[in-house]
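Everything below concerns the one structure shown next.
Chains as they are written, first to last, in the numbering used here: chain X, 11 to 347; chain W, 11 to 347; chain F, 11 to 347.
This is how it looks when you write it as structure tokens:
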């Protein structure tokens, strides 16, 4: 695809070479995200960071990525209750807001809303999450993390094995990540979930059609064996009819240090899209793994900044100007790890 | 008036030459708003964008205008419930906040609050809307749009004809626009509204005293004839005692393609302060006109950025420094229209 | 202490020389805060301004201080209801958010939360207030104001006299200020409060152990005599079980022009941490003193910007680079006083 001026609405729009390109640009963003250099590539540009559903982390991640390229961020952090109450259409909102910025990130609770918004927008739009539908930058940062983690072990995405665990029915991230993995070869999937929360059949079918190996199970202990990566998810309580129904499944699949040692390979990468539910009754990924070197969950969110910088750079066509505008950083930038 | 360091609280403070000056400066803002050039005129300055009432579009428009001049924006997007609950006076809020910024935009639900705030502020204040009272930058952008639209047809504000349609009793924008039009000559007004929602008598009287022609009617079809501009408004539901009362009038006056073709001149400019109410029961301006070349509603919001940039430039006295600090833009800036 | 990369969590972490250092750096921030010069020392740096409890003034003050040093500000202005509802731990929030910024300011309603957050953060954290516990930048700006006010009268903190008035039991600011004053010598404290709202005994004891003179009284008129500074506080209604209980004390101690003239020294400095409660039933500091030259309450909030700039400069180790990156200001910067 041609990224210049493009909307980023769905992982379905990417070919493998597109993903490769995003990742190559993301790699080059590291000196800026790690505060070794400052970029002015987007000095004077404005991001419209429109979050019509609360999401502190994703909102701040996009805003930070734009600042790191030198741009300004204008934003909204909540439902636009005033406009909705006054009956404004998404078409009108898009026409108006797109007159204020160079690129827009939009999150909205309704499925399809961001595509509808992008249709009317005069500037490029990135989908920051439209309900249970899509959140493409999350899928990209997940895949980018898998690539980097496996690379550091001498592995590749092609030929890898991955266990996905938890609420695979409602989890937007495992759906999108699976769709991106369709672009790669010979992956072995182990899908671990309660039967009632299993991965939608059409996704499983497509994975198999593309030649991947898919096993489904509700037995976590056997499922965890022999995987390069284990991707855990939270019970998506907000997608259930009642909290009671969600409670049935909460806490059923848990990974902690003891289970990891007993059932996983010694270097299995541990991932989670966050937030993880750390309450005692859920606790799908125990804090006793917090210091584990293969726990990649915070590298995931760090990589999110790189991937979002790459998307901005590609859409606004400055990926080749970033090095020219780079300057050294003069303040304290050590990080505690 | 002397703009340097001035508060902008009401359209009543402008003479015709002041409006002309704002519009001349607004014209010069186009290369920046259209992202052909970047300005650093306010590099390091801080806008206090204080919205004590939700208003995503106006808030983002002011913030964007300030960013386009190179400045930082600090803001609040909601009622300051904590301070109000603790009994803080507007005087104190103004003294404190004005120590943080170079200029303040303030929106507040109470009539007169912004003037009271400005009295105590140590820096210039722009009224971003104080309840049903004033919203001067909206009136300026409306008039600036009329001027540019008529100009492109070879016309002028002096001698033009305008129909104002809808809730003329509660509509803050039609009141303020009428007041600005007092500064011009020989305008023919057609005021189309339910009798109960007609334009306040004092405004009509003043228009006539200044030599303008004013006709009032509740018949839309005849009223639409022979106008250069038609300015539609929404039923201001929030100003009625009950939703039921508002429902009586909602949907009574509607403009769509068929009515436009039948009753308007072929090049009548269509305006609306937005948001327009697109729900079926209201729909005062139909989406079937969205592609019409004379639909100026999104040019209005675009012009809002120019007018707000001009106000900041004049108040902070940098209007003559903008060209000197201009640089070319290096990122993707094409716009879809 | 070594400020470079340090967390600022409590006034207890400062020795007298640390406070002196902060104040020396704060003095050098005046040309920037007063808009005579612009600094680029933190150009490209990002502040994560995380307010998980509403506080317009403190949030904007920190953001403005960072902008004045040239940095970007990413922020949240409200409880992160989504993450809390999803069961995210402070550890996870800290790991994630600290990947987005160079320094974090955090306010949170729970005592101890900011220290817990800082423990997991990979970047320096400043406590912007954790419930009834600590708000160190407020105590620093109070003390900095006392120092500057007394200095202009030829006085010093050592040997001064101060009356603290009002709700001394719940007032976080008087507790923290007292703790900082432990670092100085020979201070005479007059603590004026209802008996039920008197200063906690452990604070009084420590003051006396360090050689300070402490008198406690519930008689305001006698207590006001012979003080260099009087520090008024609001009844902290939100810390009482019921509003009714707070009402018993509200309005009991009031300072106005008449009382000041009758009972205070002619140059007693009047302070208040703000917001002051200006409702008739409370009104602990009357508006008839608003023009009094010794009313320092708005100089306090102005000084807050200087002190916060100093903290950022010290933590991020740019205090010696600020002069090098300074440029002249080209816009209107006169202030009304």
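For every residue, glycine included, the Cβ atom is placed at its ideal position computed from N, Cα and C.
CB-CB length for residue i against residue j, believed under 8 Å
i	j	result
residue 226 of chain X	residue 192 of chain X	Not quite, the Cβ-Cβ distance comes to about 17 Å (not below 8 Å), so this is no contact.
residue 319 of chain X	residue 78 of chain X	6 Å
residue 117 of chain X	residue 62 of chain X	6 Å
residue 172 of chain F	residue 197 of chain F	7 Å
residue 203 of chain F	residue 176 of chain F	6 Å
residue 137 of chain X	residue 19 of chain X	5 Å
Neighbour list for residue i in chain F, Cβ cutoff strictly below 9 Å
i	result
residue 74 of chain X	56, 58, 82, 84, 109, 110 and 111
residue 328 of chain W	340, 341 and 342
Under 8 Å from the C-beta of residue i: neighbouring residues of chain X
i	result
residue 127 of chain W	Here the premise fails: no neighbours, minimum Cβ distance about 21 Å.
residue 179 of chain F	Those do not exist, as residue 179 of chain F stays about 34 Å from chain X at its closest Cβ, beyond 8 Å.
residue 93 of chain F	66, 67 and 285
Residue i versus the options, residue with shortest Cα-Cα distance
i	options	result
residue 316 of chain X	X:238, X:151, X:162 and X:273	X:151
residue 16 of chain F	F:196, F:345, F:324 and F:335	F:324
residue 28 of chain W	W:321, W:67, W:176 and W:328	W:321
residue 99 of chain W	F:30, F:106, F:96 and F:296	F:296
residue 185 of chain F	F:234, F:134 and F:242	F:242
residue 35 of chain F	F:266, F:326 and F:261	F:326
residue 2 of chain F	F:328, F:255, F:82 and F:188	Past the boundaries of the shown model lies residue 2 of chain F; chain F is included only from 11 to 347, so the question cannot be answered.
residue 239 of chain X	X:168, X:262 and X:182	X:168
residue 82 of chain X	X:64, X:54, X:285 and X:166	X:54
residue 287 of chain X	F:101, F:147 and F:267	F:101
residue 41 of chain F	F:85, F:338 and F:208	F:338
residue 308 of chain W	X:114, X:115 and X:131	X:131
Endpoints, alpha helix (DSSP H) assigned at residue i
i	result
residue 117 of chain F	From DSSP, residue 117 of chain F is part of no alpha helix (DSSP H) but of the beta strand (DSSP E) over 113-118.
residue 159 of chain W	146-161
residue 107 of chain W	100-107
residue 18 of chain W	Element bounds for residue 18 of chain W: n/a, residue is neither H nor E.
residue 127 of chain W	123-130
residue 272 of chain X	267-273
residue 319 of chain X	307-325
residue 188 of chain F	182-191
residue 256 of chain X	253-259
residue 61 of chain W	Where residue 61 of chain W is concerned, there is no enclosing alpha helix (DSSP H), although the beta strand (DSSP E) it sits in stretches over 56-61.
Within chain X, partners of residue i - CB distance below 7 Å
i	result
residue 308 of chain W	105, 106 and 109
residue 71 of chain W	110
residue 292 of chain W	97
Assigned exposure category for residue i - 16 Cβ within 10 Å defines buried
i	result
residue 246 of chain W	buried
residue 143 of chain F	buried
residue 43 of chain X	buried
residue 298 of chain X	exposed
residue 66 of chain X	buried
residue 232 of chain F	exposed
residue 313 of chain W	buried
residue 51 of chain X	buried
residue 272 of chain F	exposed
residue 268 of chain F	exposed
residue 87 of chain W	buried
Listed by chain order, chain F residues near residue i by CB distance under 8 Å
i	result
residue 325 of chain W	342
residue 52 of chain W	341
residue 297 of chain X	99 and 101
Terminal residues of the beta strand (DSSP E) in which residue i lies
i	result
residue 73 of chain X	Per DSSP, residue 73 of chain X belongs to no beta strand (DSSP E); it is in the alpha helix (DSSP H), 66-78.
residue 140 of chain W	135-140
residue 242 of chain X	239-242
residue 175 of chain F	171-175
Beta-carbon neighbours of residue i, restricted to chain W and to distances below 7 Å
i	result
residue 15 of chain X	342 and 344
residue 45 of chain F	112
Cross-chain neighbours of residue i in chain W, by beta carbon under 8 Å
i	result
residue 87 of chain X	87
residue 31 of chain X	Neighbours of residue 31 of chain X on chain W: none; closest Cβ ~16 Å, over 8 Å.
residue 312 of chain F	109
Chain X residues whose Cβ lies nearer than 9 Å to that of residue i
i	result
residue 288 of chain W	97, 98, 99, 101 and 102
Cross-chain neighbours of residue i in chain W, by beta carbon under 9 Å
i	result
residue 244 of chain F	96 and 97
residue 315 of chain F	109 and 110
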